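Take a look at the structure:
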């Protein structure tokens with residue numbers, strides 16, 4: 164492949180030299196030469212094609228996804244981890260504290276049942 168890329172680059176350089184020579188010849192000519200213009204256009208198309216081929220060959224090869232690994236757009240994959248490898252979600256247990264055991268304190272500066280209007284919060288009032 165490297166030899167192909169080098170060959171294409173060399174051919175592109177040759178085509179560009181030919182294009183420059185024909186463009187110079189056309190510029191020095193006193194009258195339009197349709198045959199010369201046609202040859203110049205053909206060289207331009209060839210140069211564009213060579214550049215496209217060189218660009219395609221210059222892109223590094225991406226290794227294929229190994230067998231047994233789900234593809235990135237698979238619905239079985241979450242956050243880059245295949246679901247088969249995800250740890251199980253622990254079940255809820257009764258060993259933790261219940262809401263009845265948690266002591267909820269009142270916010271300092273507010274009386275029970277009072278409310279603060281948004282304008283007061285924006286003005287810095289009603290907050291201790």
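Numbering (the numbering used here), first residue to last: 164 to 291.
Beta carbons: idealized from backbone N, C-alpha and C, even for Gly.
Since the structure is predicted, the reported quantities are computational estimates derived from the model, not experimental observations.
{"Asked": "Three-state secondary structure (DSSP) of residue 196", "Found": "coil"}
{"Asked": "Contacting residues, own chain, Cβ-Cβ under 7 Å from residue 172 (five flanking each side not counted)", "Found": "217"}
{"Asked": "Sub-8 Å separation of residue 207 and residue 182 beta-carbons", "Found": "yes"}
{"Asked": "Residue 292 versus residue 195: straight-line alpha-carbon distance, rounded", "Found": "Absent from the structure is residue 292, since the part of the chain shown begins at 164 and ends at 291."}
{"Asked": "Residue nearest to residue 155 in terms of C-alpha spacing, selected from 179, 169 and 168", "Found": "The requested residue 155 does not occur in the structure, where the chain is confined to residues 164 to 291."}
{"Asked": "Reduced DSSP category for residue 222 - H, G, I as helix; E, B as strand; rest coil", "Found": "coil"}
{"Asked": "Cβ shell of residue 313 (< 8 Å), same chain only, five flanking positions each side left out", "Found": "Here the chain covers residues 164 to 291 and nothing more, so residue 313 does not appear."}
{"Asked": "Residue 220 beta carbon less than 8 Å from that of residue 203", "Found": "no"}
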